[in-house]
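2 protein chains.
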Amino acid sequence: MLGVVLHAPGDVRTEELAMPVVIEPTDAIIRVTATCICGSDLWPYRGIEAVRGPQRMGHEYIGVVETVGDAVTLVKPGDHVVGSFVASDNTCEICRAGYQSRCVHQVMMGSVGTQAQYARIPLADGTLVPMPGQPPADLVPSLLAASDVLGTGWFAAAAAGAGPDKTVAVVGDGAVGLLGVLAAAQLGAERIIVMSRHADRQELARRFGATDIVEERGDEGVARVRELTGGLGVHSTIEAVGTQESMDQAIRATRPGGHVGFVGVSHDVSLDGLELFFSSVHLHGGPAPVRRFLPELIRLIWDREIDPGAVFDLTLPLADAAEGYRAMDERRATKVLLTTD
Amino acid sequence: MLGVVLHAPGDVRTEELAMPVVIEPTDAIIRVTATCICGSDLWPYRGIEAVRGPQRMGHEYIGVVETVGDAVTLVKPGDHVVGSFVASDNTCEICRAGYQSRCVHQVMMGSVGTQAQYARIPLADGTLVPMPGQPPADLVPSLLAASDVLGTGWFAAAAAGAGPDKTVAVVGDGAVGLLGVLAAAQLGAERIIVMSRHADRQELARRFGATDIVEERGDEGVARVRELTGGLGVHSTIEAVGTQESMDQAIRATRPGGHVGFVGVSHDVSLDGLELFFSSVHLHGGPAPVRRFLPELIRLIWDREIDPGAVFDLTLPLADAAEGYRAMDERRATKVLLTTD
């Protein structure tokens, strides 16, 4: 089968790899019907995160179950499934509290590599959620988005306390930030301010429910958000980048007592204790427990109430993954879908 | 009148000062009937915070209203009152959301100085809460505690999500930490683990509702808390110190999805973004909005349902404030009450 391997920064290749097999009785093997490239895949691609020798890539996927281990009872061969980017048993105390991304038995799917024609899914019963049937072709991008970017944006909006009567700021106009806009709108937010400088992303943000665009960044961006909110700052901020600047911006744009939901994987971020103390914000984030939201997200997509798949603006065959990485790295694409057949 | 002034680290004096007068129409002048020394007063006393020339000290107080400005309508001369350590209008949007300590018109009472026989209280209507009448002498310490340490411990417990079925850890066995124990118990916590090495404080913690004591600190303390919680960490942690070690300990002792309520004023604390990301905790704290809780706290004290005044283990006349500072600095006292007549 074909799969994507990163050999060194900038050197990503689609190669012939061994077919995955059931190792644990809780495993399933799926035929991946669609996968994609994540903003977080760019960290090692750009050499900002160390590349540990040749490494399999990808953690987003939808597919069809091919084989299951003896202990798997909730999914069966032939099921069309969406899974989270973190495999979880969905039964431990942490999972039951809604934090499946920190399951006591968690497996990061990035270590498995789902940019491939087939993938082994650990803890299949707790990780995979069957769809009502074979998805119509036009819903494939949206269902694939549920695997990570939509679920992550949704978690960020929930962690930020987005809801009726709330003004929400979104820092980051990548796929996660844009889907944070969609989530905040679905959760009933009154006003959604997106910080973005890219016309095409601004347009998509408006389509997803943004009411205001702020082009300024850093302190100027914060000042502009405060200006738009009577000097107080917003109730809720979604942080979807993971840099020092974006975290500072998120915390400073939020009013005392407000909430910051941060889902950008932190890179060289350090928060000053005293500033955080006097900010009086609620801060919550981390790897999104996508599994918590998957059943509801699949329903919303299946019923065509939301269209998160609109974040994909480039589709390539798996064989051309390298071009997909280049396009995202050079910001020619927001998010790249990889087809597998 | 007499009042306490810090001249330099270690040099605190009780001096004759000018009587305060109404400046703004929203001011009240109160005769302070009891005040006290806060753990946070030790930061400048120890020279860890800069001493900006001779500075008035104290921000905790109960008293009797003497005079009010023309715009004051909710309290009147003769009222026995408790006030928060932050003056607030209690009407702005931030106050109405429960964050009176970050009121758009906030005045830190430390800048006024309540270790004195009289004090000017800005924004009296929003800051002072009348008691049902003249307090019985034995309730004075508890009512005074409500002004800061009890309200702060209560906020920390609330921010940490303490409640039924929750296991709570408390980092810091000073007055705020101990009253965080009391608050967690009142809020219905199932189990309360206190990190303390002092026998007398352990005893008070148990009296307030602690079920377990952990004497280990740092990584060993975290390991012990995890051992006591099936390896997962607690649901809720109250941080009441404000150092790097105490913040790290609080975050690391808390399970994914759990809550850390931090109220120790941060000193040289820096939080690593990536560690916070993967901790998956909720982090919330800052200067406690004591005003939010005051009516309920006064009721609980008046009805003798709680006895927070037990944290005071030394009472001195205002004239001997310097000895009070020494006693707290040398840990001979947990909290010192200063009488004013």
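First to last, the protein sequences are chains A and B. Residue 157 in our numbering sits at position 157 of the first sequence; the count goes up by one each step and never skips. Position in the second sequence (first residue = 1) + 1000 = our numbering. Every residue, glycine too, gets a C-beta built ideally from N, C-alpha and C.
Check this for me: beta carbons of residue i and residue j, under 8 Å apart or not?
i, j, result
"N177 (chain A)", "V170 (chain A)", "The sequence given here places Gly at residue 177 (chain A); Asn does not occur at that position. Contact flag set, yes."
"L1283 (chain B)", "R1255 (chain B)", "no"
"V140 (chain A)", "I48 (chain A)", "no"
"T1091 (chain B)", "A1288 (chain B)", "no"
"T1127 (chain B)", "S1084 (chain B)", "yes"
"L1002 (chain B)", "E1016 (chain B)", "yes"
"V107 (chain A)", "L294 (chain A)", "no"
"S1246 (chain B)", "G1172 (chain B)", "yes"
"L144 (chain A)", "M131 (chain A)", "no"
"M1195 (chain B)", "Q1115 (chain B)", "no"
"V1064 (chain B)", "H1080 (chain B)", "yes"
"D23 (chain A)", "L182 (chain A)", "First, the amino acid is wrong: residue 23 (chain A) is Ile here, not Asp. For I23 (chain A) and L182 (chain A), no; Cβs fall outside 8 Å."
Let me know the secondary structure DSSP gives residue i once reduced to three states.
i, result
"S196 (chain A)", "coil"
"D1041 (chain B)", "helix"
"M1108 (chain B)", "strand"
"C95 (chain A)", "helix"
"P122 (chain A)", "coil"
"A1184 (chain B)", "helix"
"A1160 (chain B)", "coil"
"D1138 (chain B)", "helix"
"P308 (chain A)", "helix"
"Q117 (chain A)", "coil"
"T152 (chain A)", "helix"
"P1009 (chain B)", "coil"
"A322 (chain A)", "helix"
"E1239 (chain B)", "strand"
"D248 (chain A)", "helix"
"I298 (chain A)", "helix"
"T1315 (chain B)", "strand"
"V336 (chain A)", "strand"
"F1344 (chain B)", "Nothing in the structure corresponds to residue 1344 (chain B), since chain B is present only between 1001 and 1341."
"V269 (chain A)", "coil"
"A1288 (chain B)", "coil"
"L283 (chain A)", "strand"
Any Cβ of chain B within less than 8 Å of the Cβ of residue i?
i, result
"S84 (chain A)", "no"
"S266 (chain A)", "yes"
"L232 (chain A)", "yes"
"M57 (chain A)", "no"
"M247 (chain A)", "yes"
Starting from the Cα of residue i, find the closest Cα among the options and give me that residue.
i, options, result
"T26 (chain A)", "A:V260, A:L187 and A:D70", "A:D70"
"W1154 (chain B)", "B:R1299, B:Q1117, B:V1194 and B:V1290", "B:V1290"
"V149 (chain A)", "A:V222, A:A240 and A:L228", "A:A240"
"I1360 (chain B)", "B:T1014, B:D1138, B:G1273 and B:I1192", "In this structure chain B extends from 1001 to 1341, so residue 1360 (chain B) is not present and cannot be described."
"L1042 (chain B)", "B:T1340, B:D1341 and B:K1335", "B:K1335"
"S1279 (chain B)", "B:A1210, B:V1234 and B:K1076", "B:V1234"
"G174 (chain A)", "A:D329, A:F85 and A:D79", "A:D329"
"L1297 (chain B)", "B:L1187, B:V1194, B:T1014 and B:D1248", "B:L1187"
"I1301 (chain B)", "B:L1318, B:A1146, B:I1030 and B:Y1118", "B:A1146"
"S1111 (chain B)", "B:P1136, B:Y1099, B:R1102 and B:I1121", "B:I1121"
"A1018 (chain B)", "B:T1073, B:Q1117, B:S1101 and B:D1313", "B:Q1117"
"R1032 (chain B)", "B:I1306, B:D1011 and B:E1066", "Note on residue identity: the sequence assigns Val, not Arg, to residue 1032 (chain B). For the residues B:I1306, B:D1011 and B:E1066, the minimum Cα distance to V1032 (chain B) belongs to B:E1066."
"P1317 (chain B)", "B:T1014, B:G1113 and B:G1133", "B:T1014"
"E1323 (chain B)", "B:A1028, B:G1218, B:L1338 and B:S1266", "B:L1338"
"K166 (chain A)", "B:A1189, B:A1097, B:G1209 and B:P1164", "B:A1097"
"G218 (chain A)", "A:C38, A:R332, A:Q249 and A:R206", "A:Q249"
"A1087 (chain B)", "B:P1077, B:T1315, B:G1113 and B:G1180", "B:G1113"
"C1038 (chain B)", "B:V1311, B:R1299, B:A1184 and B:D1341", "B:V1311"
Kindly say whether residue i, judged by its beta-carbon, lies nearer than 8 Å to any beta-carbon of chain A.
i, result
"I1094 (chain B)", "yes"
"R1252 (chain B)", "no"
"A1097 (chain B)", "yes"
"R1255 (chain B)", "yes"
"R1102 (chain B)", "yes"
For chain E, is any of its Cβ atoms less than 8 Å away from the one on residue i?
i, result
"H198 (chain A)", "The question asks about chain E, but that chain is absent: this structure's protein chains are A and B."
Pull out every residue of the segment 270 to 285 of chain A whose Cβ sits closer than 9 Å to any Cβ of chain B, in chain order.
Answer set for the segment 270 to 285 of chain A: S270, L271, D272, G273, L274, E275, L276, F277, F278, S279, S280, V281, H282, L283, H284 and G285.
Please name the residues in the segment 292 to 312 of chain A whose beta-carbon is closer than 7 Å to at least one beta-carbon of chain B, in chain order.
none
If you measure beta-carbon to beta-carbon, which residues of the segment 123 to 150 of chain A are closer than 7 Å to chain B?
none
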